[in-house]
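Residue numbers (my numbering), protein chains in the order written: chain X, 1 to 318; chain U, 319 to 699.
Heads up, the beta-carbon is just placed ideally off N, CA and C, and yes, glycines get one too.
A short worksheet on the structure shown next.
Structure follows, in structure tokens:
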């Protein structure tokens with residue numbers, strides 16, 4: 001590719017992957033800038049993990065071309081391994097080894113010298129607050145500790161590019177916030193990060209993100225851009241009979257979705273309607289005493305507009 | 319980067335995991351110990367004290383002496399007396415007795431004229447004199463038992479009549495080398511070393527790769543820079559020492575408990591054993607790259623283990639098998655090691671004189687490592 005590629009950690013063109021008859025990823029174009037945090041937002045089964053596996057050289061693309069850190073995949077997959085870190089969705093370190101032994105194994109296999117190994121492991125234990133637990137078996141740790149250990153292992157060899165596949169799915173909100181602080185620290189030190197998630201609040205923290213659905217990229221850009229360029233506007237209605245109001249509004253072709261939030265109904269109206277407040281007030285189901293307000297869109301609204309489904313549908317948590 | 323570093327990383331990790339697995343760790347010592355004690359004492363192809371019955375139609379003092387003389391050989395023990403033949407056949411069918419001796423009413427006339435008693439030598443053509451003394455009815459389904467009773471056919475009967483021996487000069491003289499007392503255990507102990515090693519070595523590594531996959535560690539392992547061949551060698555190394563420990567236990571106990579000495583050179587024994595251990599471990603690795611689960615790898619281990627026990631010459635002589643079975647046996651590492659270890663331990667053979675067996679084990683290891691490494695893909699598709 002061109003010399004310009006130096007500023008991109010990842011560039012993919014028309015990336016596709018087929019499993020039997022199903023297309024898990026379809027014609028995905030991707031550009032991830034060096035030193036940034038890039039997010040994949042999408043529901044389960046939308047192709048996030050498959051894409052990450054193709055970008056790390058673990059899966060061969062059925063079609064398309066990938067360049068990661070200047071390496072063409074899949075030919076240069078082995079060369080790439082030393083420069084990337086990958087934190088898998090499921091915990092993939094050894095349950096029957098202690099935290100310290102797990103890190104020692106990783107340090108050993110990446111060829112660190114005995115002295116460097118010791119120093120780096122101590123450093124990581126202190127960064128991720130695992131010093132006191134270092135003799136504890138990985139299998140007996142909490143979700144948050146496992147996640148910190150996984151991140152420590154994935155960053156042990158100081159990779160230039162870090163892949164994180166739903167890193168916070170088994171972690172409570174407080175640990176999640178801490179985890180993101182650590183990601184920003186890594187990003188600040190120049191590490192490029194690609195993270196997949198189905199949490200809106202996490203996606204909002206990314207510098208840039210792509211919204212995936214059924215293996216297709218529906219939109220990409222920074223969270224602000226996405227919210228500004230969204231093809232709809234958001235109206236919140238306060239009313240006494242929200243359930244029946246929702247049913248009648250959702251049947252209208254101009255309405256993308258209507259979701260109840262406590263005592264309010266959040267309605268997405270297509271951009272083709274010039275005056276959303278006026279349009280809604282004329283609806284017979286909206287009573288004169290109901291309050292209508294135009295509000296700032298959220299990332300969730302972007303997601304719903306792009307895909308027609310909520311990101312966390314089908315998920316029990318969140 | 320140094321490939322030895324990555325091999326040692328894998329080997330260190332394997333040892334740590336093995337140390338954590340107390341059950342497996344215990345089995346390393348217990349399998350050879352228990353199996354050796356069990357089979358060392360239990361397996362015996364010299365048949366003794368078979369339970370047999372008798373149908374005595376003569377009811378004479380002579381028939382009772384005949385029975386005592388037969389019992390004195392220790393081959394059989396008379397446990398039942400039957401009054402008629404159908405009753406006796408029933409007892410054979412229900413495995414109450416293995417054989418029945420039928421003593422005819424004219425046993426004394428037959429005995430007097432029998433040539434083995436040695437009262438003169440009547441002409442052989444005389445039908446009257448060439449009649450046997452009595453008849454054995456044998457459960458012929460078990461060939462070893464049938465053979466033991468058949469061995470009684472030419473039993474001398476001189477003591478019966480208190481006459482001096484009239485030994486015939488044998489056609490052949492037989493000199494038994496290496497195991498003159500014909501103790502079964504002498505052959506069993508080195509053979510058992512081969513069987514136990516086959517079992518434990520294949521079992522250890524057959525689970526090695528598939529376990530990483532089942533426990534979800536594979537995705538992490540293949541993103542590291544480790545190469546397939548480094549992973550394979552790292553997985554094998556710790557078990558070589560374990561195999562060596564097991565051989566020492568088996569041959570050591572064989573010497574202490576069963577007095578089976580190691581006649582050959584220990585160095586040559588160690589070399590042959592090392593080759594066999596690595597060959598068995600690579601066989602396990604190949605299984606591990608084929609199996610999709612630990613259960614499957616266990617089934618495939620048994621699939622290899624049974625022919626290794628039955629065709630390798632451990633139980634039955636290799637030469638007695640049909641050609642096709644011999645080819646299968648030749649492919650198994652256990653067959654070659656069976657020859658090597660029996661050769662070195664019992665006969666003090668230089669292994670250089672058994673070069674084909676050594677070559678096969680070496681080639682098997684190298685070929686197996688190559689196959690396992692090629693089969694192992696650092697990809698998920």
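Give the residues of chain X in contact with residue i, contact being defined as C-beta atoms less than 7 Å apart.
i	result
residue 305 of chain U	Outside the shown range of chain U (319 to 699) lies residue 305 of chain U, about which nothing can therefore be said.
residue 550 of chain U	None at all; the shortest Cβ gap to chain X is about 14 Å.
residue 695 of chain U	Residues of chain X passing the Cβ test: none, with the nearest at roughly 10 Å.
residue 468 of chain U	What residue 468 of chain U touches in chain X: nothing, since even the nearest Cβ is about 58 Å away.
Under 8 Å, do residue i and residue j count as touching if we go by C-beta distance?
i	j	result
residue 691 of chain U	residue 615 of chain U	no
residue 155 of chain X	residue 130 of chain X	no
residue 59 of chain X	residue 65 of chain X	no
residue 560 of chain U	residue 596 of chain U	no
residue 543 of chain U	residue 110 of chain X	yes
residue 622 of chain U	residue 520 of chain U	yes
residue 239 of chain X	residue 212 of chain X	no
residue 563 of chain U	residue 511 of chain U	no
residue 416 of chain U	residue 463 of chain U	yes
residue 12 of chain X	residue 33 of chain X	no
residue 509 of chain U	residue 338 of chain U	no
residue 62 of chain X	residue 120 of chain X	no
residue 49 of chain X	residue 163 of chain X	no
Quick check: the Cα distance between residue i and residue j, rounded to an integer number of angstroms?
i	j	result
residue 310 of chain X	residue 40 of chain X	Here the model assigns residue 310 of chain X a pLDDT of 48, short of 50, so the residue's position is not dependable, and the following value carries that caveat. If I take the Cα positions, the gap works out to 15 Å.
residue 460 of chain U	residue 634 of chain U	14 Å
residue 662 of chain U	residue 583 of chain U	7 Å
residue 329 of chain U	residue 671 of chain U	34 Å
residue 695 of chain U	residue 74 of chain X	13 Å
residue 260 of chain X	residue 188 of chain X	39 Å
residue 91 of chain X	residue 146 of chain X	7 Å
residue 5 of chain X	residue 70 of chain X	Residue placement at residue 5 of chain X is poorly supported in this model, since its pLDDT is 44, which falls under 50; the coordinates still yield a value, given next. Spanning the two alpha carbons is a distance of roughly 7 Å.
residue 28 of chain X	residue 45 of chain X	15 Å
residue 699 of chain U	residue 24 of chain X	13 Å
residue 3 of chain X	residue 236 of chain X	Interpretation of residue 3 of chain X is limited by its pLDDT of 44, a score under 50 that renders its predicted location unreliable; the figure taken from the coordinates is listed afterwards. Looking at the two C-alpha atoms, the distance is approximately 49 Å.
residue 1 of chain X	residue 208 of chain X	Reliability of the predicted coordinates at residue 1 of chain X is poor, the pLDDT of 42 falling under 50, and the value obtained from them is presented with this limitation in mind. For residue 1 of chain X and residue 208 of chain X, the distance between alpha carbons rounds to 23 Å.
residue 637 of chain U	residue 494 of chain U	19 Å
residue 516 of chain U	residue 549 of chain U	22 Å
residue 215 of chain X	residue 626 of chain U	51 Å
residue 423 of chain U	residue 366 of chain U	29 Å
residue 87 of chain X	residue 538 of chain U	8 Å
residue 195 of chain X	residue 222 of chain X	14 Å
residue 316 of chain X	residue 697 of chain U	Residue confidence is low: residue 316 of chain X scores 33 on pLDDT, short of 50, so the model does not pin down where it sits. No coordinate-derived value is stated.
residue 629 of chain U	residue 643 of chain U	7 Å
residue 469 of chain U	residue 388 of chain U	12 Å
residue 103 of chain X	residue 620 of chain U	36 Å
residue 700 of chain U	residue 77 of chain X	This structure cannot settle anything about residue 700 of chain U, because the visible part of chain U is limited to 319 through 699.
residue 685 of chain U	residue 557 of chain U	19 Å
Kindly indicate the opening and closing residues of the beta strand (DSSP E) around residue i.
i	result
residue 689 of chain U	Run containing residue 689 of chain U: none in the beta strand (DSSP E); it sits in the alpha helix (DSSP H), 673-693.
residue 367 of chain U	That residue, residue 367 of chain U, is in no beta strand (DSSP E); it is neither H nor E in DSSP.
residue 414 of chain U	No beta strand (DSSP E) holds residue 414 of chain U; DSSP gives it neither H nor E.
residue 128 of chain X	Unbroken run through residue 128 of chain X: none, as it is neither H nor E.
residue 208 of chain X	208-213
residue 40 of chain X	37-41
residue 20 of chain X	No beta strand (DSSP E) holds residue 20 of chain X; DSSP gives it neither H nor E.
residue 363 of chain X	Chain X is shown from 1 up to 318; residue 363 of chain X falls before or after that span and cannot be answered.
Name the chain X residues whose beta carbon is nearer than 9 Å to that of residue i?
i	result
residue 698 of chain U	53, 58, 59
residue 521 of chain U	None at all; the shortest Cβ gap to chain X is about 18 Å.
residue 335 of chain U	94, 96, 97
List, in order along the chain, the chain X residues whose C-beta lies closer than 8 Å to that of residue i?
i	result
residue 542 of chain U	81, 106, 109, 110
Along chain U, which residues have their Cβ under 8 Å away from the Cβ of residue i?
i	result
residue 8 of chain X	Those do not exist, as residue 8 of chain X stays about 21 Å from chain U at its closest Cβ, beyond 8 Å.
Mind checking which residues open and close the alpha helix (DSSP H) that includes residue i?
i	result
residue 165 of chain X	First-last for residue 165 of chain X: 161-165, but that is the beta strand (DSSP E), not the alpha helix (DSSP H).
residue 511 of chain U	502-524
residue 349 of chain U	340-360
residue 247 of chain X	242-250
residue 662 of chain U	651-665
residue 551 of chain U	546-576
Could you tell me which chain U residues have their CB closer than 7 Å to the CB of residue i, listed as they occur along the chain?
i	result
residue 86 of chain X	541
Answer yes or no: does any C-beta atom of chain A fall closer than 8 Å to that of residue i?
i	result
residue 226 of chain X	As a matter of chain content, chain A is missing from the structure shown, whose protein chains are X and U.
Would you check whether the ligand PLP has a heavy atom nearer than 7 Å to the C-beta of residue i?
i	result
residue 383 of chain U	For the structure depicted, the ligand PLP is absent and the ligand set is empty, with no information on it obtainable.
Can you list, in chain order, the residues of the stretch 90-102 of chain X whose Cβ is nearer than 8 Å to any Cβ on chain U?
-> 90, 91, 92, 93, 94, 95, 96, 97, 101
Note down, in chain order, all residues in the stretch 611-626 of chain U with a beta-carbon under 7 Å from any beta-carbon belonging to chain X.
-> none
Got a sec: which bits of the stretch 507-537 of chain U sit with their beta carbon under 8 Å from any beta carbon on chain X, in order along the chain?
-> 533, 534, 535, 536, 537
In the stretch 340-355 of chain U, which residues sit with their C-beta less than 7 Å from some C-beta in chain X, listed in chain order?
-> none
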